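Beneath this line is the structure, given in structure tokens, with notes to follow.
Residue numbers (the UniProt record's numbering): 1 to 183.
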């Protein structure tokens with residue numbers, strides 16, 4: 001699939017997934033897309049756990065009954081960052097940005113391969129869910145689960161939601177300018 005087609009077709013899919021397993025070759029390709037993402041000062045801070053064990057998946061699925069994609073995913077990817085990140089530039093770290101770039105690359109790869117996913121983040125932040133999932137994944141205490149991506153073949157067609165037009169969100173040379181130069 002062409003990159004721009006993947007961008008146009010990518011959307012958050014929370015619907016039912018087919019039970020077909022996701023081959024490890026595809027999971028590796030998806031992770032490789034995440035590994036290729038840019039990172040601040042090339043620190044490459046984001047780490048991943050690929051989850052395809054049915055017993056472990058069943059435990060994770062039981063935790064999120066409201067999301068069909070989580071309930072039925074034949075695979076998931078956990079994206080990890082450090083709890084106490086080291087500064088990489090002038091006292092700053094960029095772990096959140098690095099993780100987000102990796103996740104977007106993986107979401108595009110997921111779409112290009114014909115799978116669907118949804119970025120699970122807010123749900124993890126509530127009721128210590130990230131910590132509970134981290135225990136299931138046996139994370140070291142210095143690591144934090146930041147994002148969870150359920151992956152599978154969609155059972156339904158969900159079109160991408162309408163986006164605001166270019167002219168409402170992007171301009172040349174200064175905020176709010178039409179095609180004329182800023183003054």
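Even for Gly, the Cβ is constructed at its ideal location relative to N, Cα and C. Keep in mind the model is a prediction, meaning the values are calculated, not measured.
Would you say the stretch 39-56 touches the stretch 86-95, given that touching needs at least three Cβ pairs under 8 Å? yes
Whole alpha helix (DSSP H) elements within the stretch 46-97, 4-residue minimum: The qualifying runs are 54-62, 68-72.
Can you pull the DSSP bridge partners for residue 144? 81
Thinking C-beta only, is residue 117 closer than 9 Å to residue 96? Contact check for residue 96 against residue 117 fails: the beta carbons are separated by 9 Å or more.
Taking all protein chains shown into account, do 16 or more other C-beta atoms lie within 10 angstroms of the C-beta of residue 145, making it buried, or fewer, making it exposed? Burial call: buried.
So for residue 152, helix, strand or coil by DSSP? Of the three classes helix, strand and coil, the one that applies to residue 152 here is strand, per DSSP.
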